[in-house]
Amino acid sequence: MKSTKQPRWHKASVFTLLLALSAGASAEGIAAKVSVIDPYVRAVPPVAKTSAAFMQLRNDNAAEGSLVSAETPAAGAVELHTHTMDEGVMRMRQIPQISLPSNTTVSLEPGGLHIMLFDLKAPLSPGDQVAITLTFSDGSSKAVTAEVRSVQGMMKH
């Protein structure tokens with residue numbers, strides 16, 4: 382008479398396979414549904430230690446998500462920021478996330494939402510390329526390359 386019991390290794394293998402598949406699916410997550418449009422970084426004088434990155438983020442997901450962090454090898458620290466009016470003075474403030482409503486484009490632009498780059502490792506000159514990794518609320522991430530543009534170029538844009 383044959384036993385109908387599954388071997389112990391079989392259950393463990395199935396569990397491991399399911400875990401790996403679910404991890405792969407969540408790795409794409411929000412990042413797979415967000416389009417990054419026209420990313421760029423502001424060129425700054427060689428002595429400047431800060432700059433900012435701007436872009437449009439189009440969330441084509443049926444669910445809302447958020448951008449929770451960014452990083453780049455070009456800077457020692459990176460923060461998400463916004464500008465707010467405080468007693469008639471425009472002030473820049475760090476924020477914990479940038480909401481990305483479903484089927485909506487959110488603009489990161491001068492005077493509004495943006496990504497601050499602190500402690501720049503090298504001068505940023507027009508035409509340079511800056512690698513930026515965006516991380517979303519579900520842990521998924523997206524690598525983008527942003528062109529460095531001069532202030533004059535941004536004014537035309």
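With positions in the sequence shown counted from 1, the corresponding number in our numbering is that position plus 381.
Backbone N, C-alpha and C define an ideal beta-carbon position, used for all residues, glycine too.
Just so you know, these numbers come straight off a predicted model, no measurement behind them.
Status (buried if at least 16 other CB within 10 Å, exposed otherwise) for residue i
i      : result
Val487 : buried
Gly410 : buried
Val425 : buried
Ser403 : Note that Ser403 scores a pLDDT of 41, beneath 50, so its modelled location is shaky; the value from the coordinates is reported in the next line. With fewer than 16 Cβ atoms within 10 Å of its Cβ, Ser403 is classed as exposed.
Pro420 : buried
Val529 : buried
Alpha-carbon spacing of residue i relative to residue j, whole angstroms
i      : j      : result
Ala433 : Arg423 : 6 Å
Thr453 : Thr514 : 6 Å
Val459 : Pro504 : 16 Å
Gly492 : Thr463 : 8 Å
Residue i in three-state terms, based on DSSP
i      : result
Val428 : coil
Ser522 : strand
Glu409 : helix
Cutoff 7 Å; reference residue i; Cβ partners in own chain excluding five residues on either side
i      : result
Ala408 : Since pLDDT at Ala408 reaches only 49, below the 50 mark, its modelled position is unreliable, and no value is offered.
Ala456 : Leu498, Phe499, Asp500, Leu501, Lys502
Cβ neighbours of residue i in the same chain (closer than 6 Å, five flanking residues each side left out)
i      : result
Val415 : Leu438, Asn440
Interface flag, residue i vs chain C, CB-CB below 9 Å
i      : result
Phe499 : No chain C appears in this structure, which consists of one protein chain only.
**OP:** Determine, using beta-carbon pairs with one atom in the stretch 444–464 and one in the stretch 473–480, whether at least three such pairs fall under 8 Å.
**Re:** Judged by pairs of C-beta atoms under 8 Å, the stretch 444–464 touches the stretch 473–480, as three or more such pairs exist.
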